[in-house]
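Numbering (numbering that gives the first Met the number 0), first residue to last: 0 to 329. Glycine included, C-beta positions come from ideal geometry on N, C-alpha and C. Note that the coordinates shown come from a computational prediction; the quantities given were computed from them, not determined experimentally. What follows is a single structure, written as structure tokens, with notes after it.
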Amino acid sequence: MTFVSGKENRIFVLYGEEPYLIDEFQKELVKKAVGDDPSPFDISLYDGEETPLHEILEDAETLPFLKESKVVLVTNPYFLTGTKPRGAVEQNVDILLPYLHNPAPFTYLVFRAAYPKLDERKKIVKQLKQTAVIKHATELSEQELHQWVEKTAQKDEALITVDARKVLLERVGPSLRMLREEIRKLSLYAEGTIEASMVDELVPRTLDQNVFALMDDLQQKKTDSAMLRYHDLLRQKEDPLKLLLLLASQVRAMHQIDGLLKKGYGQAQVAKRLKLHPYRVKVLSTQLKSSSLDLSKMLFDLGQLDVQMKSGRVDKVLGFELFLLQYSSR
């Protein structure tokens with residue numbers, strides 16, 4: 000993201016569903032405004048649900064302390080959306096409009112809006128689109144994730160192979176924050192090129208990934224693998240009821256994806272309709288292609304087992320194990 004000097008670049012809106020990218024935008028902006036080592040006097044932080052706009056604007060129009068510029072950061076600017084959170088202060092948005100056309104030249108006014116979208120019907124949003132720099136932190140597609148992983152590894156002076164990227168995304172998923180931490184660790188270990196074997200050795204599966212692998216065992220009728228994986232999770236003190244709920248969530252998502260794909264929806268449309276990350280839809284769609292399971296029946300059986308476990312009629316550990324045996328047997 001590039002910021003250029005000038006009056007028009009004193010107001011910023013950072014919004015979207017990918018918090019890591021919003022963080023990166025914010026860090027770059029703060030660095031541009033007040034340098035690498037800002038003091039508490041250089042940045043004012045306000046919550047848009049708690050602080051009235053007139054107080055925020057008073058600060059924005061106050062000269063910075065011992066610096067040429069300062070940052071006024073507003074989180075939760077709900078007034079840019081169509082929903083007012085319960086308990087949020089009533090904001091007089093009209094007083095912001097004149098400021099947008101004549102912002103203080105020494106203040107970087109930043110609205111950090113961690114929302115999927117802004118309400119573009121609102122006058123304030125229309126004005127911001129004309130007068131502010133707006134950065135949309137969208138969730139990355141699979142191709143973009145691969146590119147991001149590759150570039151991030153390069154920043155750590157490492158190369159990462161295609162196979163290593165695939166394994167890393169399978170293990171970690173699309174969370175950029177988690178990916179960043181794992182890439183940093185792998186880069187230190189590799190001292191050059193990150194191979195798939197290194198990822199397999201150093202990056203543990205998340206619980207979600209273990210449940211995904213468990214589902215794959217059921218589809219492939221790998222009873223031994225399913226039992227080994229389940230008992231390994233038990234040794235890690237994972238609750239069978241929690242595993243059941245996670246598995247049910249995956250089966251439900253697969254069932255919904257399958258239904259929409261059969262109706263002719265594309266994967267991007269499915270992701271938007273079900274409010275799932277595009278990468279997750281891609282992975283589950285791939286898993287669907289090799290599935291011979293009756294997902295409707297499986298979902299029903301999981302619901303029944305959930306009731307039996309919670310009522311104490313069935314032992315949790317044994318009940319879930321019998322379920323896995325039933326669905327993994329040929």
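{"Asked": "Over the uninterrupted beta strand (DSSP E) stretch that includes ASP331, give me the two end residues.", "Found": "Since the displayed the chain opens at 0 and closes at 329, residue 331 lies outside it and no answer follows."}
{"Asked": "Could you tell me the boundaries of the alpha helix (DSSP H) in which GLY302 lies?", "Found": "294-310"}
{"Asked": "Kindly give me the distance between the Cβ atoms of GLN218 and SER289, rounded to whole angstroms, as I take these residues to be in contact under 8 Å.", "Found": "6 Å"}
{"Asked": "Is the stretch 154-163 in contact with the stretch 182-201, if contact means three or more CB pairs nearer than 8 Å?", "Found": "yes"}
{"Asked": "Which runs of the beta strand (DSSP E) fall wholly inside the stretch 84-158 and span at least 3 residues, in chain order?", "Found": "106-112 and 132-136"}
{"Asked": "Do we get a CB-CB distance below 8 Å when we pair LEU139 with the residues of chain C?", "Found": "Annotation note: the requested chain C is absent from the structure, which comprises a single protein chain."}
{"Asked": "So, at 7 Å on beta carbons, what are the nonlocal neighbours of LEU28 in its own chain, with the 5 sequence-adjacent residues on each side left out?", "Found": "PHE2, PHE11, TYR107 and VAL109"}
{"Asked": "Give every residue of the same chain whose Cβ lies closer than 7 Å to the Cβ of GLU181, excluding the five residues on either side of it in the sequence, and list them in chain order.", "Found": "LEU167, VAL171 and VAL202"}
{"Asked": "Would you mind working out which of SER295, LEU233, LEU294 and PHE322 sits nearest GLN307, comparing C-alpha positions?", "Found": "PHE322"}
{"Asked": "Can you give the Cα-Cα distance for GLU320 and VAL282, rounded to whole angstroms?", "Found": "25 Å"}
{"Asked": "Just list the residues that DSSP pairs VAL73 with in beta bridges.", "Found": "TYR45 and PHE110"}
{"Asked": "Am I right that ALA103 and LEU13 are in contact with their C-beta atoms under 8 Å? What's the rounded C-beta distance?", "Found": "Incorrect: roughly 19 Å between the Cβ atoms, too far for contact."}
{"Asked": "Quick check on DSSP: helix, strand or coil for GLY263?", "Found": "coil"}
{"Asked": "If you draw a straight line from the C-alpha of PRO51 to the C-alpha of PRO97, how long is it?", "Found": "16 Å"}
{"Asked": "Output the distance between the C-alpha atoms of GLU67 and ASP58, rounded to the nearest integer angstrom.", "Found": "15 Å"}
{"Asked": "Below 7 Å CB to CB, which residues in the same chain sit around ASN209 once its five sequence neighbours on both sides are set aside?", "Found": "ARG228 and LEU232"}
{"Asked": "Please go through the same chain and pick out, in chain order, the residues whose beta-carbon is closer than 8 Å to the beta-carbon of LEU95, but skip the five residues on each side of it.", "Found": "LEU52, LEU56 and ILE123"}
{"Asked": "Less than 6 Å between C-beta atoms, sequence neighbours within five positions excluded: which residues of the same chain meet that for GLU16?", "Found": "PRO115 and GLU138"}
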